[in-house]
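Going down the list, the protein sequences come from chains A and B. Counting in the numbering used here, the final residue of the first sequence is number 570, and the numbers go up one at a time with none missing. Counting in the numbering used here, the final residue of the second sequence is number 432, and the numbers go up one at a time with none missing. Comments concern the structure below.
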Amino acid sequence: MFGWEFPPEISGGLGVATLGLCKALAHDADVKMIIPKNVPNFNIENIELVGLNSIDPEDIEVLFGTEPTPKIPILPSSFKQPIGPYSSVLPSEFLDQTYYEYYNAAIQPFEIEELYGGDVIAKVIEFEKIAVAYCLKDDFDIIHAHDWLTFLPAMHLKMITGKPLVIHIHSTEFDRTGVESNNWVFELERRAMEMADCIIPVSNYTGDICVQYYGADPHKIRTVHNGIVPVSTKVDAKKRKGNLVVYFGRVTQQKGPDYFVEAAKKVLEYLPDTKFVMAGAGDLLETMILKTASYGIGDRFYFTNFLNKDKLDELLLAADLYCMPSKSEPFGLSALEAAQFGIPVIISNTSGVAEVLPGAMKVAFDDVDKLAAYMVASLNFTGLRQAVVAADNSSLNQITWEKCAKEVMQVYESLFNETNNIC
Amino acid sequence: MPSICFYFQVHQPYRLKEYSYFDIGSDHHYFDDEKNREVLKKVSEKCYLPANKLMLELIKEHNGKFKISYSISGVALEQFETWQPDVLQSFKDLAATGCVEFIAETYYHSLAYIFSKEEFKKQIEQHRKLIKKHFNQEPKVFRNTELQYNNELAKFIEDLGYDAIICEGVDRLLHGRSPNFIYKAPNAHKIKSLLKNYKLSDDIAFRFSDQNWSEFPLSAQTYATWVHSVAGTGETINLFMDYETFGEHQWEHSGIFEFLRHMPVYVLAHKDFSFKTVSETAAAYPVRDAYDAHQLTSWADTERDLSAWLGNPMQDESIAKIYQLEQQVYASGDVSFIDSWKKMLTSDHFYYMCSKYWADGDVHKYFSPYDSPYDAYIYFMNAMSDLSIQLKSIEKPLKNAVVKETAPKKTTVKVVAGKKVPGKKAVAMSK
Chain A
148 MFGWEFPPEI SGGLGVATLG LCKALAHDAD VKMIIPKNVP NFNIENIELV
198 GLNSIDPEDI EVLFGTEPTP KIPILPSSFK QPIGPYSSVL PSEFLDQTYY
248 EYYNAAIQPF EIEELYGGDV IAKVIEFEKI AVAYCLKDDF DIIHAHDWLT
298 FLPAMHLKMI TGKPLVIHIH STEFDRTGVE SNNWVFELER RAMEMADCII
348 PVSNYTGDIC VQYYGADPHK IRTVHNGIVP VSTKVDAKKR KGNLVVYFGR
398 VTQQKGPDYF VEAAKKVLEY LPDTKFVMAG AGDLLETMIL KTASYGIGDR
448 FYFTNFLNKD KLDELLLAAD LYCMPSKSEP FGLSALEAAQ FGIPVIISNT
498 SGVAEVLPGA MKVAFDDVDK LAAYMVASLN FTGLRQAVVA ADNSSLNQIT
548 WEKCAKEVMQ VYESLFNETN NIC
Chain B
2 MPSICFYFQV HQPYRLKEYS YFDIGSDHHY FDDEKNREVL KKVSEKCYLP
52 ANKLMLELIK EHNGKFKISY SISGVALEQF ETWQPDVLQS FKDLAATGCV
102 EFIAETYYHS LAYIFSKEEF KKQIEQHRKL IKKHFNQEPK VFRNTELQYN
152 NELAKFIEDL GYDAIICEGV DRLLHGRSPN FIYKAPNAHK IKSLLKNYKL
202 SDDIAFRFSD QNWSEFPLSA QTYATWVHSV AGTGETINLF MDYETFGEHQ
252 WEHSGIFEFL RHMPVYVLAH KDFSFKTVSE TAAAYPVRDA YDAHQLTSWA
302 DTERDLSAWL GNPMQDESIA KIYQLEQQVY ASGDVSFIDS WKKMLTSDHF
352 YYMCSKYWAD GDVHKYFSPY DSPYDAYIYF MNAMSDLSIQ LKSIEKPLKN
402 AVVKETAPKK TTVKVVAGKK VPGKKAVAMS K
């Protein structure tokens, strides 16, 4: 299994989801988890965790049987800018020109500091080369890759070994950049979907995007909704009667922070005591701060920047309402996290999590009036809060990583059966 | 000599408009006149008009041997009068045949029995007067909203002077007995309880057009044989259903009207069988056993209880709060406040808030004019907030004897060319 972001190194839902799944899978399968970077002494029971950063140069030498050279694939200069999995990449024909050649280039020890900083594509390509060589040392039955960052080694390995390839779609370039997305990452995703034996999107919503925008074969798609680890903090009894409305997640176009601010403005005209928290970092953060200031509602807004888990839990304990007006949200783990704290949640229709939280309040992401109306009603009416929380609580009981792992095992088994039938 | 007792429920609520929080204080008309008129027109065309026409033909064809009963809510009759006088006329034509009986119910199709006995009685009386006015009949049989029923209610209705009361034949209370006899609540003296035969009723009301049903497509002839098989094991087969079954829930192309057209012939082909209205049924047969219902039952959902209207926090809060306004509303003496308040008591508002079957796209969703139970609740709460604020604003002047005379006492809504003019009400209440 190939992963990129992995605890304790996390910045979004990908790391949390990858860990949750592989932990639960470990009961039924031997999981070898290949990630770019691991932290010494961070181990997970029953899982062989391999951080490529911790492979010695000597081992690399043995692995490739040659002296490592400092040469790395040359990328067009346009890629040499900070990019992350959640910001866009400029279009290029890179994949077509170089894909079948670059892995012949020489190898050097893998070093990585920031997963999403610097030239991510260069890191992705380095990761690919070493990961493939490393994996060929041992036998395995299935290749499972999480998001575009790990699709290269997964595809390469499939080409060499013919083993079944499962790609897990936590997020697509389409979600991140919209309909205009037509770039290297998009193309990589498209090719991976083409080559994969099975595509596991984290929601039907995302599965539809794979089919509609990437031309993926609908028969290969098997949705598996994410799970969530139950919270240890007991919060059900807490009666929420305050007026603290929370947004948390990256402050990027994808997450719809501007709709949150617009709705807040409207709410404040009627309920001037309401307070809003925007917890998260992102390229639109400054814009949002300026916007609230220009509306004269800056004093009702709190911008916290990125919060770690402890701080986030603290915030959720105090919050009265959670909003996620995402334009396109493959899943939306944060809505589940909020729901776990007994907070009523408002989510957009264009989110995967809506499929597992049928009792959440749902709005079209750009319907600011309705979002504001739901905010006001949630703050004013006890019955609504209680009904939403009760409905979400009953949904949460069904949302486990065990269920998720079971469904992934079914995917594996169906692939084994297919392979056996051919043989 | 078994008989068939057909009773059809006719009801249309005053649906609330998408009343936003931001409308509170500025908009005092809460009902979606346009939607209500549209729905009424659609259902009239698909069901009420063709079904009434067919019933009239059947009554004439069978020379008085085909008999039926209706319970029409006051709010439905009001809306007919305002927007579809042709439907009201067709019911009057049916009433004139002498083969049609009208049943008593709460004017506002409400849950008043549970929340205010006073209001409950007022609404029954208000409905009685309306039935008398339109159809010149004094109802002798009562049915509560959605067949909500228990022993205590049976006794309460007996004390109001009714001969019989209609209820669901709930399996868990029948203990294996047949619903095809007359029963009585153990605490009642003489009021008879007519139990719905839900199997044979639902064959028509719910399963008729279900292509997965093993009996699909159901013919009038087959159905008559099922009815005839009751001979010797029952006295009355109570077929109770929504009137909208004909043409609205079961669409015309399902063959429901053809089924109805031919069914009486096949039923009457067996010489022992006849059709009776509700009070004829009650008069014809003796009480055979006690039907002991402690908890309130109803004909809704598979649970046959009150969980369609009450039980989730939104339903419980909103209904409790609307009834809390009762004193204030009457104390205001303002006809339009009273009218708005009473229309908000209609059970449908709380049915739309039902969240029992979230994602199933079930029957609740089918009937709801809103996107979600939350929306139903929010519009209701917003409208109620406005009403409540209105009431508070006139409380003070009312205490002051000097301004009493000038307190707004605007009356009925004017009807111009069949159209309600909501503006009148707004003016009346905005002072």
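Glycine is no exception: its CB is placed at the ideal position from the N, C-alpha and C atoms. In this text, all values refer to a predicted model and were calculated from it rather than measured experimentally.
If you measure from the beta carbon of E304 of chain B to each beta carbon in chain A, is any gap under 9 Å?
Not closer than 9 Å to any Cβ of chain A, the Cβ of E304 of chain B fails to qualify, so no.
Which full runs of the beta strand (DSSP E) of 3+ residues lie inside the segment 431-490 of chain A, going along the chain?
448-450, 468-471, all fully within the segment 431-490 of chain A.
Any beta-carbon of chain A closer than 9 Å to the one on H12 of chain B?
By this cut-off, H12 of chain B is not an interface position.
Would a check of beta-carbon distances place D317 of chain B closer than 9 Å to chain A?
At least one chain A Cβ lies under 9 Å of D317 of chain B.
Counting only Cβ pairs nearer than 8 Å, list the residues of chain A close to I390 of chain B.
Near I390 of chain B there are no residues of chain A at all, since even the closest Cβ is about 13 Å away, more than 8 Å.
Short of 7 Å in beta carbon distance, which residues of its chain neighbour S350 of chain A, apart from the five on each side in sequence? Order them along the chain.
Around S350 of chain A: T370, H372, P477, F478, G499, E502.
Who are H293 of chain A's beta bridge partners in DSSP?
In the DSSP output, where bridge partners are listed per residue, H293 of chain A has A:H315.
So, for E258 of chain A: in the same chain, excluding its five sequence neighbours on each side, which residues have a beta-carbon less than 7 Å away from its beta-carbon?
Excluding sequence neighbours, E258 of chain A sits near N200.
Throw me the rounded Cβ distance for the H12 of chain B and S91 of chain B pair, which I believe falls under 8 Å.
That belief does not hold up - the Cβ atoms of H12 of chain B and S91 of chain B are roughly 17 Å apart, past 8 Å.
So within the segment 75-155 of chain B, which uninterrupted alpha helix (DSSP H) runs reach at least 4 residues, ignoring any that extend past its ends?
If we require 4 residues or more, the alpha helix (DSSP H) runs fully inside the segment 75-155 of chain B come out as 75-84, 86-97, 113-116, 118-136.
Are the C-beta of I379 of chain B and some C-beta of chain A separated by less than 9 Å?
Output row for I379 of chain B: interface = yes.
On a CA-only basis, which of B:H63, B:S299, B:F32 is nearest S275 of chain B? Give me that one, please.
Residue B:H63 is the option with its Cα nearest to S275 of chain B.
Just to confirm the assignment, what range does the alpha helix (DSSP H) spanning C169 of chain A have?
Note, C169 of chain A: alpha helix (DSSP H), 160-172.
Measuring CB to CB, does N383 of chain B end up less than 9 Å from S21 of chain B?
Yes; because the gap between Cβ atoms is below 9 Å, this pair is in contact.
Output needed for I157 of chain A: all residues of its chain with C-beta closer than 8 Å, excluding positions within five of it in sequence on either side, in chain order.
Same-chain partners within the cutoff: V163.
For K179 of chain A and V197 of chain A, I'd like the C-alpha separation in whole angstroms.
Roughly 7 Å separates the two Cα atoms.
State the CB to CB distance for the pair N198 of chain B and L240 of chain B, rounded to an integer number of angstroms; the pair is presumed to be in contact (CB under 8 Å).
Confirmed, about 7 Å.
Would you decide whether W214 of chain B is buried or exposed? Buried here means 16 or more other CB atoms lie within 10 Å of its CB.
It is exposed - the Cβ of W214 of chain B has fewer than 16 other Cβ atoms within 10 Å.
Under 8 Å between beta-carbons, which chain B residues line up against T529 of chain A? List them in chain order, please.
Here the neighbours are P314, E318.
Going by the DSSP bridge assignment, what does G198 of chain A pair with across the sheet?
Answer is A:I182.
Would G167 of chain A and I375 of chain A qualify as a contact pair, given that the criterion is a beta-carbon distance under 9 Å?
For G167 of chain A and I375 of chain A, yes; Cβs fall inside 9 Å.
Does the segment 482-492 of chain A come close enough to the segment 534-544 of chain A to have 3 or more Cβ pairs within less than 8 Å?
As far as the Cβ criterion goes, the segment 482-492 of chain A touches the segment 534-544 of chain A, which means the pair count is three or higher.
For the alpha helix (DSSP H) that M306 of chain A lies in, which residues bound it at each end?
Element bounds for M306 of chain A: 298-308.
Going by other Cβ atoms of all chains shown within 10 Å of its Cβ, with 16 needed for buried, is D446 of chain A buried or exposed?
Per the 10 Å Cβ criterion, exposed.
Rank A:A519, A:L418, A:R397 by C-alpha distance to the C-alpha of F407 of chain A and give the top, closest one.
Of the candidates A:A519, A:L418, A:R397, the one whose C-alpha sits nearest the C-alpha of F407 of chain A is A:A519.
Quick one: what does DSSP say P404 of chain A is sitting in, helix, strand or coil?
The answer is helix: DSSP assigns P404 of chain A an H, G or I state.
Check whether the segment 38-55 of chain B touches the segment 253-265 of chain B, taking contact to mean three or more Cβ pairs, one atom from each stretch, closer than 8 Å.
With a cut-off of 8 Å, the segment 253-265 of chain B and the segment 38-55 of chain B count as touching, because enough Cβ pairs lie within range.
Is the CB-CB distance between K118 of chain B and F143 of chain B below 9 Å?
No. Outside cutoff.
Write down the C-beta distance between Y352 of chain B and W310 of chain B rounded to the nearest angstrom, noting that I regard them as a contact closer than 8 Å.
With a Cβ gap of about 6 Å, Y352 of chain B and W310 of chain B count as contacting.
Assuming contact is defined by CB atoms lying nearer than 9 Å, are V88 of chain B and N137 of chain B in contact in what I supplied?
Contact: no.
When the cut-off is 9 Å and only beta carbons count, does N213 of chain B lie next to chain A?
No, no contact with chain A.
I'd like the ranges of any beta strand (DSSP E) spanning at least 3 consecutive residues and lying wholly in the segment 156-214 of chain B.
Complete beta strand (DSSP E) runs here, min 3: 165-169, 183-185, 193-197.
Tell me which same chain residues have a C-beta within less than 8 Å of the C-beta of T282 of chain B, skipping the five on either side of it?
Correct list, in chain order: S4, C6, A165, I183, L195, T237, N239.
What is the residue span of the alpha helix (DSSP H) that I339 of chain B lies within?
Its alpha helix (DSSP H) spans residues 336-344.
Below 7 Å on C-beta distance, what does Q533 of chain A contact in chain B?
The contacting residues are P314.
Terminal residues of the continuous beta strand (DSSP E) containing S495 of chain A?
492-495 is the span of the beta strand (DSSP E), which, as asked, contains S495 of chain A.
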